[in-house]
Amino acid sequence: MSSQRQKFHEMIKGIGTATMITHEIGGGNLGVRPMSVAEINEDCDLWFFTSLDSSVVSEIRADDRMSISMQDGEFAFYVMSGIAKVSTNREQIHKLWKEPYKVWFPKGPDDPDICIIHFDSKNGEYWDTQGVNKVKYLFEAAKAYVTGEKAQTEEGEHHGNVEFS
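Numbering-wise, this note's numbering comes out as the position in the sequence shown, counting from 1, plus 20.
If you want it as structure tokens, here you go:
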């Protein structure tokens, strides 16, 4: 695994909610919705639970391109682009199942309406100004404010682009 991909994975692995962005059917609009993340693997692929009759499933079947946006607090932001696939693989559904999902699927993991969305991430970008990066960024921001110049950020530390596949 590349060091950039590993860094990206470390930054996003604890985030429990993502904003899923799909292409709505029949137009130029985007479908945007928050989704609970079921799993994030080391390749930065994500899995989500949804209903087979949901609009997101219809949108993915019409156009499998998807973007994901995630945020960790006020100072770390992540976006990814990739391809989405809908699956009804019962073994995978059971593997990823968590008891809180019963709120949406009262029949449990054997509910015939349940499916998973596998987001195969292709590339990502991050902006990270938390922890030590926050201190560095605040220093650069203050310096920029005083000097009237643009703040400098460290590529790879505060900001970076990552290719996953």
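Even glycine gets a Cβ: it sits at the ideal position worked out from N, Cα and C. As the structure is a computational prediction, the values presented were derived from the model and not from experiment.
Would you call residue i buried or exposed, if buried means 16 or more other Cβ atoms sit within 10 Å of its Cβ?
{"i": "His114", "result": "exposed"}
{"i": "Gly144", "result": "buried"}
{"i": "Ala82", "result": "exposed"}
{"i": "Thr70", "result": "buried"}
{"i": "Met31", "result": "buried"}
{"i": "Leu66", "result": "buried"}
{"i": "Ser141", "result": "buried"}
{"i": "Ile45", "result": "exposed"}
{"i": "Tyr98", "result": "buried"}
{"i": "Val57", "result": "buried"}
{"i": "Val182", "result": "buried"}
{"i": "Val155", "result": "Below a pLDDT of 50, predicted positions are generally treated as unreliable, and Val155, at 46, falls in that range; no measurement from the model is reported."}
{"i": "Val152", "result": "Because Val152 carries a pLDDT of 43, less than 50, the predicted location of this residue cannot be relied on, and no value is offered for it."}
{"i": "Thr37", "result": "exposed"}
Considering only DSSP beta bridges, list what residue i is partnered with.
{"i": "Lys105", "result": "His138"}
{"i": "Gln26", "result": "Its beta-bridge partners do not exist; DSSP assigns none."}
{"i": "Phe97", "result": "Gln91 and Trp147"}
{"i": "Glu111", "result": "Its beta-bridge partners do not exist; DSSP assigns none."}
{"i": "Glu183", "result": "Asn143"}
Contact check, residue i vs residue j under 8 Å by CB: the rounded distance?
{"i": "Glu79", "j": "Thr42", "result": "4 Å"}
{"i": "Cys135", "j": "Ser107", "result": "6 Å"}
{"i": "Met90", "j": "Ile103", "result": "The Cβ separation is near 18 Å, so there is no contact."}
{"i": "Val76", "j": "Arg53", "result": "7 Å"}
{"i": "Glu216", "j": "His29", "result": "The shown model of the chain, from 21 to 185, leaves out residue 216, and the question about it has no answer."}
{"i": "Ile88", "j": "Phe139", "result": "6 Å"}
{"i": "Asp73", "j": "Asp148", "result": "At roughly 38 Å, the Cβ-Cβ gap does not stay under 8 Å, so Asp73 and Asp148 are not in contact."}
{"i": "Ile24", "j": "Gly180", "result": "The question names Ile, but residue 24 is Gln in the sequence shown. Contact flag correct, Cβ pair sits at about 6 Å."}
{"i": "Ile137", "j": "Phe184", "result": "17 Å between Cβ atoms; not a contact."}
{"i": "Asp92", "j": "Ile35", "result": "6 Å"}
Output the residue ranges of the beta strand (DSSP E) runs that lie fully inside the region 31-87 and measure 3 residues or longer, sorted by chain position. Correct list: 37-43, 50-60 and 66-71.
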